[in-house]
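Step one of this worksheet: look at the structure below.
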Amino acid sequence: LTAAPGAPGEPQELTAEVRAQLLRGGVLGLATHTIPQLRQFLPALTDVTVARFIAPFGYHLVLTSDDRTAELIALMPGQWRPDWTFHAWGADEELHIDWPPSYVLAGSATARLSRPDGDRRWRYPTNGYQAEWTHLADVAEAKAELAIPVQSTVDDLLFALDLADRAEQLILGEG
Amino acid sequence: MSMWSVALPADDPQTAALHRAAVTSLPARLAVAENGTADRCVVSGRAANWLERAAAAITAGARALLISGPEPVPVDEARQLARRAADADVIVAVDSPYVCDPTFTSTLPRLHEDIADAAIIDSLVSAASTATTNALGGALLAQLAVVRRLLPTFDLAPAAAPSAGHYLFAGSGGDRVVTLAGVRTPVSNEEGLQLDLVGVHRHWHIRFHTAAPARPTELTLHDAAGQQSIRPRYESAQRASWRALHQTLESGTPPAYTLDDLIVDVTFTEHL
Numbered sequence: 001l002t003a004a005p006g007a008p009g010e011p012q013e014l015t016a017e018v019r020a021q022l023l024r025g026g027v028l029g030l031a032t033h034t035i036p037q038l039r040q041f042l043p044a045l046t047d048v049t050v051a052r053f054i055a056p057f058g059y060h061l062v063l064t065s066d067d068r069t070a071e072l073i074a075l076m077p078g079q080w081r082p083d084w085t086f087h088a089w090g091a092d093e094e095l096h097i098d099w100p101p102s103y104v105l106a107g108s109a110t111a112r113l114s115r116p117d118g119d120r121r122w123r124y125p126t127n128g129y130q131a132e133w134t135h136l137a138d139v140a141e142a143k144a145e146l147a148i149p150v151q152s153t154v155d156d157l158l159f160a161l162d163l164a165d166r167a168e169q170l171i172l173g174e175g
Numbered sequence: 176m177s178m179w180s181v182a183l184p185a186d187d188p189q190t191a192a193l194h195r196a197a198v199t200s201l202p203a204r205l206a207v208a209e210n211g212t213a214d215r216c217v218v219s220g221r222a223a224n225w226l227e228r229a230a231a232a233i234t235a236g237a238r239a240l241l242i243s244g245p246e247p248v249p250v251d252e253a254r255q256l257a258r259r260a261a262d263a264d265v266i267v268a269v270d271s272p273y274v275c276d277p278t279f280t281s282t283l284p285r286l287h288e289d290i291a292d293a294a295i296i297d298s299l300v301s302a303a304s305t306a307t308t309n310a311l312g313g314a315l316l317a318q319l320a321v322v323r324r325l326l327p328t329f330d331l332a333p334a335a336a337p338s339a340g341h342y343l344f345a346g347s348g349g350d351r352v353v354t355l356a357g358v359r360t361p362v363s364n365e366e367g368l369q370l371d372l373v374g375v376h377r378h379w380h381i382r383f384h385t386a387a388p389a390r391p392t393e394l395t396l397h398d399a400a401g402q403q404s405i406r407p408r409y410e411s412a413q414r415a416s417w418r419a420l421h422q423t424l425e426s427g428t429p430p431a432y433t434l435d436d437l438i439v440d441v442t443f444t445e446h447l
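Chains D and W are the protein sequences, given in the same order. Under the numbering used here, the residue at position 105 of the first sequence is numbered 105, and the numbers go up by one with no gaps. To convert a position in the second sequence, counted from 1, into the numbering used here, add 175.
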């Protein structure tokens, strides 16, 4: 993961404005990386019910959409090994993904889909950045169509901005 | 050391089987009373009328009760049972599936030391989607028992509208973020409780399993030195609860998790 910005101090020493700014930075700088996965399960954002900055730098966010709930929680820098996971529960199955740290050649994440009759796991030797560059080369050479349309990426960004705005407003509203 | 006879719940074969295994593994202290008369009695907390059954067992002359895996009940009625038990000098212990777990309880001193460093206490309990309608309520009580053992006071509020399939409560205990989530899972081997104490210096990951009675709880500490797994204890929470209750009857030490502890947790859920 990335280095922590500055030394923000304890949360009670920070004004609501500063906490809101730090949380916005957390959403757009860190949480934004999980938005594409999140939107697969929560395509539209109805409400943000919890938005809290966590010292020294992290966040706790709860998002709702219709009958689904998502929770995003982060803390950094940690002196322990990096840990980035995604977990989704459905009526018939569970999905759990463990990612290695970003920007390292440590292979892909490990995804596990659990069902009552057993588990399936996926893991590949290359990471997401390598896959994206290889795919981009294929697109440039007209060997493939873009796997993720530009509009989808724009929608991810709009979702992240909406989330950041709502989280910021929630903190400012709480004072 | 005295030997005590134990009556198992005839109406809940699964709970009875778990406790039969625990009781028969303590042959110097306990024996199953096959004819139903006993000085100790297990009451299945999964029964909707478990308070009535507990009261009936007191009337029948039991000297001690073990309430196994209780699901929520009205707090006033739980208090009535506590008064009735006190008047009859009957000990009521609660077999909560996680808080009495020996691997967890043996590590509590280290966890208490590290609570000061924790910025996040994040917990998630999974109950089988085939379990009773109120299983998530029972899971919440079991989850609260563990979190309160680590952090006695905290404030929580619903972070999303609860459904039959999930709940999410969020709040704080001091400067720490505290979350309690519960989901129904279709995957039986995923049942249990996960708890993460996350601070800048240390990250404890705790995984309690309920799908297999002998599967030990996993406690792993991640810090700058690497990771350390706590030596697992292959003893179920039920067996530990029975050992503690036997100790209570022999020497007067309090049970590992009491009816009063349960009343505190039930009261907590009524305010959510």
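Cβ coordinates follow ideal geometry from the N, Cα and C atoms, glycine included.
*Residue range of the alpha helix (DSSP H) that W:Q403 falls in?*
First-last for W:Q403: G401 to S404, but that is the beta strand (DSSP E), not the alpha helix (DSSP H).
>> Please list the terminal residues of the continuous beta strand (DSSP E) segment that includes W:E393.
In response: E393 to D398
For this session: Could you spell out the range, first to last residue, of the beta strand (DSSP E) harbouring D:W89?
Result: W84 to W89
### Alpha-carbon spacing of W:S200 relative to D:L170, whole angstroms
55 Å
For this session: Taking D:E94 as the query, report the chain W residues whose CB atoms sit under 7 Å from its CB, ordered along the chain.
Result: T360, V362 and E365
- Burial state of W:Q318, where buried means 16 or more other Cβ atoms lie within 10 Å: buried
Pop quiz: W:A386 and W:G374 are said to be a contact at Cβ under 8 Å. What is the actual Cβ separation, rounded to whole angstroms? W:A386 to W:G374, Cβ: 30 Å. No contact.
**Request:** Count the CB pairs spanning the region 274–287 of chain W and the region 211–228 of chain W that are closer than 8 Å, and state whether there are at least three.
**Result:** no
### Classification of D:R52 by the beta-carbon crowding that lies within 10 angstroms, buried from 16 upward
buried
**Asked** Whose C-alpha, out of W:L241, W:A314, W:T444 and W:V265, is nearest the C-alpha of W:Y273?
**Response** W:A314
task = Only counting runs of 3 or more residues, tell me where the beta strand (DSSP E) segments fall wholly within the region 361–391 of chain W, in order along the chain.
result = 367–374 and 378–384
Just the Cα atoms here: how many angstroms apart are D:P5 and D:E93? For D:P5, the predicted structure reports a pLDDT of 43, less than 50, and the residue's modelled location is therefore unreliable. A value from the coordinates is still provided. When rounded, the distance between both Cα atoms is 38 Å.
* Helix, strand or coil for D:I148, going by three-state DSSP, please let me know. => coil
Using a Cβ cut-off of 9 Å, pull out every chain D residue sitting near W:Q402, in sequence order please. W80 and R81
| message | Run through chain D and tell me which residues come within less than 8 Å of W:T423, C-beta to C-beta. | response | Near W:T423 there are no residues of chain D at all, since even the closest Cβ is about 39 Å away, more than 8 Å.
What residue range does the beta strand (DSSP E) around W:S347 cover?
H341 to G348
Output needed for W:I381: all residues of its chain with C-beta closer than 6 Å, excluding positions within five of it in sequence on either side, in chain order.
L370 and L394
Check your understanding: What did DSSP end up calling D:P42 once you bin it into helix, strand or coil?
Key -> Residue identity differs from the one stated: residue 42 of chain D is Leu in this sequence, not Pro. Reduced to three states, the DSSP call for D:L42 is coil.
Problem set entry | Cβ-Cβ separation, W:L311 to W:G357 (assumed contact under 8 Å), whole Å | 5 Å
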